[in-house]
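> These protein sequence lines are chains F and P, in that order.
Note that the numbering used here gives residue 733 to position 173 of the first sequence, counting from 1, and the numbers run on in steps of one.
Note that the numbering used here gives residue 565 to position 421 of the second sequence, counting from 1, and the numbers run on in steps of one.
Where a beta carbon is used, it is the ideal one built from N, C-alpha and C, also for glycine.
Before we start, here is the structure in question, set down as structure tokens.
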Amino acid sequence: MTEKLKLATASLCGCFGCHMSLLDIDERILELVQLVEFDRSPFTDIKKIGHCDIGIIEGGVANAENVEVLREFRAHCKVLIAFGACAINGGIPAMRNQFELKECLEESYVDGIGVYNRMIPDDPEIPMLLNKVHPIHEVVQIDHFLPGCPPSGDAIWTFLTGLIEGRPVSLPYGQIRYD
Amino acid sequence: MVALPDPEDFTRELLVASNSDRGRLLQYLHAIQQRYSHIPETSVHQLALALRLSESRIRGVIGFYSFLHDTPRGDYDILFSDSITDHMLGSRVLLGDLCTRLGVEPGLPRADGRVTVDVTSCTGMCDQGPAILINGQAVTRLDNFRISSIAALIENLTPLDEWPSELFEVQDNIRRADILLSRGSCGGGALRALVEKGADTIFGEIATSGLRGRGGAGFNTAMKWKFCRAARDDEMNDRVVICNADEGEPGTFKDRVLLNSHADDVFEGMTLCAGIIGARHGYLYLRGEYLYMKHALEETLAQRRRDGLLGQNILGQAGFDFDIEIHLGAGAYVCGEESALIESLEGKRGVPRVRPPFPVTHGYLGKPTVVNNVETFMAAAKIALEGANWFRAVGTEQSTGTKLHSISGDCDRPGIYEFPFGVSIQQVLEECGAADTLAVQVAGAAGSTIPPAEFHRSIAFEDISSGGSFMVFGRHRDLLDMVQNFSRFFVHESCGFCTPCRVGGVLLKDLVDKVHAGRAGTADIQELHRIGTVVKLTSHCGLGTEAANPVLDTLGKFPSIYEKHLTQADYQPAFDLDAALQDARDLSGRDDAGAHIRTDL
Numbered sequence: 561m562t563e564k565l566k567l568a569t570a571s572l573c574g575c576f577g578c579h580m581s582l583l584d585i586d587e588r589i590l591e592l593v594q595l596v597e598f599d600r601s602p603f604t605d606i607k608k609i610g611h612c613d614i615g616i617i618e619g620g621v622a623n624a625e626n627v628e629v630l631r632e633f634r635a636h637c638k639v640l641i642a643f644g645a646c647a648i649n650g651g652i653p654a655m656r657n658q659f660e661l662k663e664c665l666e667e668s669y670v671d672g673i674g675v676y677n678r679m680i681p682d683d684p685e686i687p688m689l690l691n692k693v694h695p696i697h698e699v700v701q702i703d704h705f706l707p708g709c710p711p712s713g714d715a716i717w718t719f720l721t722g723l724i725e726g727r728p729v730s731l732p733y734g735q736i737r738y739d
Numbered sequence: 145m146v147a148l149p150d151p152e153d154f155t156r157e158l159l160v161a162s163n164s165d166r167g168r169l170l171q172y173l174h175a176i177q178q179r180y181s182h183i184p185e186t187s188v189h190q191l192a193l194a195l196r197l198s199e200s201r202i203r204g205v206i207g208f209y210s211f212l213h214d215t216p217r218g219d220y221d222i223l224f225s226d227s228i229t230d231h232m233l234g235s236r237v238l239l240g241d242l243c244t245r246l247g248v249e250p251g252l253p254r255a256d257g258r259v260t261v262d263v264t265s266c267t268g269m270c271d272q273g274p275a276i277l278i279n280g281q282a283v284t285r286l287d288n289f290r291i292s293s294i295a296a297l298i299e300n301l302t303p304l305d306e307w308p309s310e311l312f313e314v315q316d317n318i319r320r321a322d323i324l325l326s327r328g329s330c331g332g333g334a335l336r337a338l339v340e341k342g343a344d345t346i347f348g349e350i351a352t353s354g355l356r357g358r359g360g361a362g363f364n365t366a367m368k369w370k371f372c373r374a375a376r377d378d379e380m381n382d383r384v385v386i387c388n389a390d391e392g393e394p395g396t397f398k399d400r401v402l403l404n405s406h407a408d409d410v411f412e413g414m415t416l417c418a419g420i421i422g423a424r425h426g427y428l429y430l431r432g433e434y435l436y437m438k439h440a441l442e443e444t445l446a447q448r449r450r451d452g453l454l455g456q457n458i459l460g461q462a463g464f465d466f467d468i469e470i471h472l473g474a475g476a477y478v479c480g481e482e483s484a485l486i487e488s489l490e491g492k493r494g495v496p497r498v499r500p501p502f503p504v505t506h507g508y509l510g511k512p513t514v515v516n517n518v519e520t521f522m523a524a525a526k527i528a529l530e531g532a533n534w535f536r537a538v539g540t541e542q543s544t545g546t547k548l549h550s551i552s553g554d555c556d557r558p559g560i561y562e563f564p565f566g567v568s569i570q571q572v573l574e575e576c577g578a579a580d581t582l583a584v585q586v587a588g589a590a591g592s593t594i595p596p597a598e599f600h601r602s603i604a605f606e607d608i609s610s611g612g613s614f615m616v617f618g619r620h621r622d623l624l625d626m627v628q629n630f631s632r633f634f635v636h637e638s639c640g641f642c643t644p645c646r647v648g649g650v651l652l653k654d655l656v657d658k659v660h661a662g663r664a665g666t667a668d669i670q671e672l673h674r675i676g677t678v679v680k681l682t683s684h685c686g687l688g689t690e691a692a693n694p695v696l697d698t699l700g701k702f703p704s705i706y707e708k709h710l711t712q713a714d715y716q717p718a719f720d721l722d723a724a725l726q727d728a729r730d731l732s733g734r735d736d737a738g739a740h741i742r743t744d745l
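Here is the structure:
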């Protein structure tokens, strides 16, 4: 067998639900690791991405760190995938887009019930928030979009095996209906 | 301002006066909005109880129509027509100027509640723009002088009915009259012909004339009437005639002119249709933007009743009973689609129905219904009077008669032109005084963009079909401005029912904005193609399937308008990343390296 493909994953402004759903492929993960080698990912705890074939991004872009991670993924991955509703549309975090950033921060750190030491944080360790949450395709070019909140384990399996084997991916209706 | 009566009393009176008719919900809401500049909570509650509807259903209707609001607008509610032709005449600058003079933000009421300034889709005044609506009344030909007078009138709290009447003058601008517009009014002649010669003979004339629907789709009128007449085999005459005067296609204003100067013939055509198909009820669905004409139209109807041309026993014929009622729209383009219009007429959100069944069998309240365009009814009346041969003498084989064109944009003489079908684009351009033309947009935002190489083509159902909008773009224009305007229009006017139109429309708009801002690369152009095709193939109704037309058409015929805005890079973010951190920098007081986007990636 030729060298395994390299796969990296990251969660930006998401809930890690898409990553949890990846684990819903259950024992098929044993087949998956026969086909790919995990590079940077919460599963490996590798912090720095190397050159990869496939990058999977969960979550939208909400802060400066998200931008950096996303751009690193784009620079290092041949194929980049928007994985789940937040990566594709901004999702739940983008609900803050109907408010000004000021209102959001004041609600959390100044006016909220039970807040001590009321101030908007200014620690340089903390990633800076963008004024709006964006879907990832507005920041880098994306090659594939896998919908779902989260995409089901079966949908992920259909998608990944198709992609890895170089076939056109066609998701059966049952894997892309959500009611 | 005069003290207003309690909204509770006002709403109760409305309901009592018309027997709490659920189908009138939109009309009640319109009246309440006009009076209180919004729909107060108490009115929603009262309407729900009286009409036995849930409050959420009523709020759903309020949310659907852009002229209805759940929070107060200003006492003077000003809406700038946002058509591309208004932009070309300088409306954006005037809007900014008026906002500055009055100290308001667009879309938000001033702190004292005096005034709001906002935009709305094309108000049908493209030949005399820039135009606005003030509390529903149209003001045209805006310039700096008019803007400063309007600002002064508002600051002086002058009631609208005391404003100088020349502000509210709307001109017909009929520049070319052919067989329809050059004749005087039928004056009941078409109905007398119907009575004398019989319904079958007159129907035969309409069929022989080859008359096709003037709204743009071109369905054979006689066939539509025949289907409706055959739909129910009873003597109840329980069929319905609807005149579609929801002229919302950007750049169209011919129905406004017909209703202003030829309403009598339009009503005569509706009555003729009723006599032929067997209908007792008729509705004129008048777009909310034309509210200013409602009073005169009611007068015309009253006069026709007095003349025995409407009401019971028309022209003394026992059982020939037909009357017409005017219903107002409330700022929703999609209601120009006949099944959405019927939903709206029934007092609901204007979401297009699944067809079939078609309105001819199941229309208004499930009754067999004919819906025709204003111009179609007028032509039918003239045919009944003058005969099929008179009509067939002009036009082409498959497109008989003439068509009214609303011409606006870069030409010397914008206005209404009646041309026989088959006229070439070039001829139209010459007649309206357009020189050095870059492109013509025929049939409105949903229509097609015609480059000079195709100016020899003709306007007819065989070639380029049109509902009557004809916008001229001169050589000095950037057509991408037009595409951007239309994309925004379709996002605003999507009814939200199906995903391809609701979401796809926004994706198209965002991508066009990205091209316009000079941030798009070749990958974005491919994406425009891809999404446009999906929207076209998978949307629920005509609005959706046509929403991508301006993008797909110009990508094909005017690729350079996109290319000149593209960046060299394959891909650029859709927005300025570092600028998007500015709010956070201001709020936290940080300006360290981490407070900026790294540029070394």
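Under the rule that 16 or more other beta-carbon atoms within 10 Å means buried, what is A446 (chain P), buried or exposed?
Within the second sequence, numbered from 1, the residue matching residue 446 (chain P) stands at position 302. Exposed.
> Does chain F have any CB closer than 8 angstroms to the CB of A691 (chain P)?
Stepping through the second sequence from its first residue, residue 691 (chain P) is reached at position 547. Output row for A691 (chain P): interface = no.
> Can you tell me the Cα-Cα spacing of G644 (chain F) and L212 (chain P), whole angstroms?
Position 84 of the first sequence, counted from the start, is the residue given in the question as residue 644 (chain F). Position 68 of the second sequence, counted from the start, is the residue given in the question as residue 212 (chain P). Computed Cα separation, rounded: 36 angstroms.
> For the stretch 699-725 of chain P, which residues have a CB atom closer than 8 angstroms to at least one CB atom of chain F, in sequence order?
Listed by position, the residues of the stretch 699-725 of chain P near chain F (Cβ gap below 8 angstroms) are D714, Y715, P717, A718, F719, L721, A724, L725.
> According to DSSP, simplified to helix, strand and coil, what is P707 (chain F)?
Mapped onto the first sequence, residue 707 (chain F) falls at position 147. Looking at P707 (chain F) - three-state DSSP - the assignment turns out to be coil, as it is neither helix nor strand.
> So which residues on chain P does N626 (chain F) lean against when the C-beta distance must stay under 8 angstroms?
The count along the first sequence starts at 1 and reaches residue 626 (chain F) at position 66. The premise fails here: N626 (chain F) is roughly 10 angstroms from chain P at the closest Cβ pair, so nothing lies under 8 angstroms.
> Quick check: the Cα distance between P653 (chain F) and S631 (chain P), rounded to an integer number of angstroms?
The residue labelled residue 653 (chain F) in the question sits at position 93 within the first sequence. The residue labelled residue 631 (chain P) in the question sits at position 487 within the second sequence. For P653 (chain F) and S631 (chain P), the distance between alpha carbons rounds to 26 angstroms.
> Buried or exposed: L173 (chain P), going by 16 or more other Cβ atoms within 10 Å of its Cβ?
The residue given as residue 173 (chain P) occupies position 29 in the second sequence. Buried, because 16 or more other Cβ atoms sit within 10 Å of the Cβ of L173 (chain P).
> Using 8 angstroms as the threshold, is the C-beta distance between Y429 (chain P) and A374 (chain P) below it?
Here residue 429 (chain P) corresponds to residue number 285 of the second sequence, with the count starting at 1. Here residue 374 (chain P) corresponds to residue number 230 of the second sequence, with the count starting at 1. Cβ atoms of Y429 (chain P) and A374 (chain P): not closer than 8 angstroms.
> Of all the CB atoms in chain P, is at least one closer than 8 angstroms to the CB of I617 (chain F)?
Along the first sequence, read from residue 1 onward, the residue named residue 617 (chain F) stands at position 57. Output row for I617 (chain F): interface = no.
> Quick check on C555 (chain P): does DSSP put it in helix, strand or coil?
For the purposes of this step, residue 555 (chain P) is taken as the residue at position 411 of the second sequence. C555 (chain P) falls in the coil class under three-state DSSP.
> Smallest Cα separation from E530 (chain P): which of P:T352, P:L297, P:R156?
Within the second sequence, residue 530 (chain P) is the residue found at index 386, counting from 1. The shortest Cα separation from E530 (chain P) among P:T352, P:L297, P:R156 belongs to P:T352.
> Do D153 (chain P) and L661 (chain F) come within 8 angstroms of each other at the CB atom, strictly closer than that value?
To locate residue 661 (chain F), count along the first sequence from 1; it is residue 101. To locate residue 153 (chain P), count along the second sequence from 1; it is residue 9. Going by C-beta atoms, L661 (chain F) is not nearer than 8 angstroms to D153 (chain P).
> Below 8 angstroms on the Cβ atoms is my contact criterion, and I expect A642 (chain F) with F705 (chain F) to pass it. Report the Cβ-Cβ distance as a whole number of Å.
Numbered from its first residue, the first sequence carries residue 642 (chain F) at position 82. Numbered from its first residue, the first sequence carries residue 705 (chain F) at position 145. Yes, they are in contact, since the Cβ atoms of A642 (chain F) and F705 (chain F) sit about 5 angstroms apart, within 8 angstroms.
> Note down, in chain order, every chain P residue with its Cβ under 7 angstroms from the Cβ of L665 (chain F).
Stepping through the first sequence from its first residue, residue 665 (chain F) is reached at position 105. The answer, in chain order, is L731.
> Strictly under 8 angstroms for the Cβ-Cβ distance: is V699 (chain F) near chain P by that measure?
As a position in the first sequence, residue 699 (chain F) is number 139, starting the count at 1. At least one chain P Cβ lies under 8 angstroms of V699 (chain F).
> Assuming C372 (chain P) is part of the alpha helix (DSSP H), what are its boundary residues?
In the second sequence, the residue the question calls residue 372 (chain P) occupies position 228. It spans 365-374 - the alpha helix (DSSP H) in which C372 (chain P) sits, taken as one unbroken run.
> L689 (chain F) versus chain P: which residues are under 7 angstroms apart at the beta carbon?
Counted from its first residue, the first sequence places residue 689 (chain F) at position 129. Simply A728.
> Excluding the 5 residues flanking V216 (chain P) on each side, which residues of the same chain have their C-beta closer than 7 angstroms to its C-beta?
Translated into the one-based positions of the second sequence, residue 216 (chain P) becomes position 72. For the sequence presented, residue 216 (chain P) should be read as Pro rather than Val. Excluding positions up to five away in sequence, the list reads S181, H182, P253, G257.
> So what's P694 (chain P) in DSSP terms, helix, strand or just coil?
One-based indexing of the second sequence puts residue 694 (chain P) at position 550. P694 (chain P) falls in the helix class under three-state DSSP.
> Taking only beta-carbon positions, decide if L706 (chain F) is within less than 8 angstroms of chain P.
Locating residue 706 (chain F) in the first sequence gives position 146, where the first residue counts as 1. With 8 angstroms as the cut-off, L706 (chain F) does not count as an interface residue toward chain P.
> Run through DSSP, which three-state label would A661 (chain P) get?
Looking up residue 661 (chain P) in the second sequence gives position 517. Correct three-state label for A661 (chain P): coil.
> Would you mind giving the Cβ-Cβ distance between L710 (chain P) and T666 (chain P), rounded to the nearest angstrom? I have them listed as a contact below 8 angstroms.
Your numbering for residue 710 (chain P) matches position 566 in the second sequence. Your numbering for residue 666 (chain P) matches position 522 in the second sequence. So it is a contact: roughly 7 angstroms between Cβ atoms.
> Quick check: V616 (chain P) and D554 (chain P), are their CB atoms within less than 8 angstroms of each other?
As a first step, residue 616 (chain P) is located in the second sequence; it is residue number 472 there, counting from the start. As a first step, residue 554 (chain P) is located in the second sequence; it is residue number 410 there, counting from the start. Closer than 8 angstroms, so yes.
> Give a yes or no on whether the C-beta atoms belonging to S613 (chain P) and E393 (chain P) are separated by under 8 angstroms.
Indexing the second sequence from 1 puts residue 613 (chain P) at position 469. Indexing the second sequence from 1 puts residue 393 (chain P) at position 249. Result yes, Cβ atoms of S613 (chain P) and E393 (chain P) sit closer than 8 angstroms.
> Which residue comes first and which comes last in the beta strand (DSSP E) that contains M615 (chain P)?
Counting from one through the second sequence, the residue named residue 615 (chain P) turns up at place 471. Start and end: 613-618.
> Helix, strand or coil, according to DSSP, for D262 (chain P) in the structure here?
Along the second sequence, read from residue 1 onward, the residue named residue 262 (chain P) stands at position 118. Looking at D262 (chain P) - three-state DSSP - the assignment turns out to be strand.
> Restricting to Cα atoms, I'd like to know which of P:D714, P:E185, P:E519 is closest to L402 (chain P).
For the purposes of this step, residue 402 (chain P) is taken as the residue at position 258 of the second sequence. Answer by Cα proximity: P:E519.
> Drop a sphere of 10 angstroms on the beta-carbon of E663 (chain F), count the other beta-carbons inside from all chains shown, and report buried for 16 or more, exposed for fewer.
The residue you call residue 663 (chain F) lines up with position 103 of the first sequence. So E663 (chain F) counts as exposed.
> So who's on the other strand from N623 (chain F), going by DSSP bridges?
By 1-based counting over the first sequence, the position of residue 623 (chain F) is 63. According to DSSP, which records beta bridges pairwise, N623 (chain F) is partnered with F:L689.
> Does the count of Cβ pairs from the stretch 644-662 of chain P and the stretch 663-683 of chain F closer than 8 angstroms reach three?
Output reads no: the stretch 663-683 of chain F does not touch the stretch 644-662 of chain P.
> So for I741 (chain P), helix, strand or coil by DSSP?
Position 597 of the second sequence holds residue 741 (chain P). Correct three-state label for I741 (chain P): coil.
> Show which residues of chain F have a CB atom less than 8 angstroms away from the CB atom of R734 (chain P).
Stepping through the second sequence from its first residue, residue 734 (chain P) is reached at position 590. Here the neighbours are D682, P684, M688.
> For the beta strand (DSSP E) holding H471 (chain P), just list the boundary residues, first then last.
Residue numbering aside, residue 471 (chain P) sits at position 327 when the second sequence is read from its first letter. Note, H471 (chain P): beta strand (DSSP E), 467-472.
> Given that a residue counts as buried once 16 or more other Cβ atoms are within 10 Å of its Cβ, and exposed if not, what is N693 (chain P)?
If you number the second sequence from 1, residue 693 (chain P) lands on position 549. N693 (chain P) is buried by the Cβ-count criterion.
> Grab me the residues of Q456 (chain P)'s own chain with a C-beta within less than 6 angstroms of its C-beta, minus the 5 sequence neighbours each way, in chain order.
The sequence position of residue 456 (chain P) within the second sequence is 312, counting from 1. These residues qualify, in order along the chain: D465.
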